[in-house]
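In the UniProt record's numbering, the protein residues as written are 1 to 83. So the structure is just underneath, and the comments pick up after that.
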Amino acid sequence: MANHKSALKRIRRNEAVRLRNRYQHKTTRNAIKKLRAEENKKDAEALFPSVVSMIDRLAKRNIIHSNKAANLKSKLAKHVAAL
1 MANHKSALKR
11 IRRNEAVRLR
21 NRYQHKTTRN
31 AIKKLRAEEN
41 KKDAEALFPS
51 VVSMIDRLAK
61 RNIIHSNKAA
71 NLKSKLAKHV
81 AAL
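Structure representation (structure tokens):
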């Protein structure tokens, strides 16, 4: 167990950040699934910018790798275009 006050604070902070990251990542994954399941092109095109924004936010905060973000955005763009 930690001996320093700052280490105890850091443990609390890390847990809060971990939970926030997990929430944001899960929310983005659900939005991606919703976009992939969308059959209507107009609805998919309306949903696409918000999903891309969520993916970019995850990459900026190092929750996911930037290459993974680029791959996801590319695949989603191809999916929307093919509808």
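Yeah, the Cβ is synthetic: ideal placement off N, Cα and C, and Gly gets one too.
Compute the beta-carbon to beta-carbon distance between residue 44 and residue 35, rounded to the nearest angstrom, for a pair I have assumed lies under 8 Å. 6 Å
Whose CA, out of 38, 8 and 73, lies closest to the CA of residue 55? 73
Can you tell me the Cβ-Cβ gap for residue 69 and residue 58, rounded? I've got them flagged as a contact below 8 Å. Sure, about 7 Å apart at Cβ, within 8 Å.
Residue 75 versus residue 9 - alpha carbon distance: 41 Å
Excluding five sequence neighbours on each side, which residues of the same chain lie with their C-beta closer than 7 Å to the C-beta of residue 79? 36
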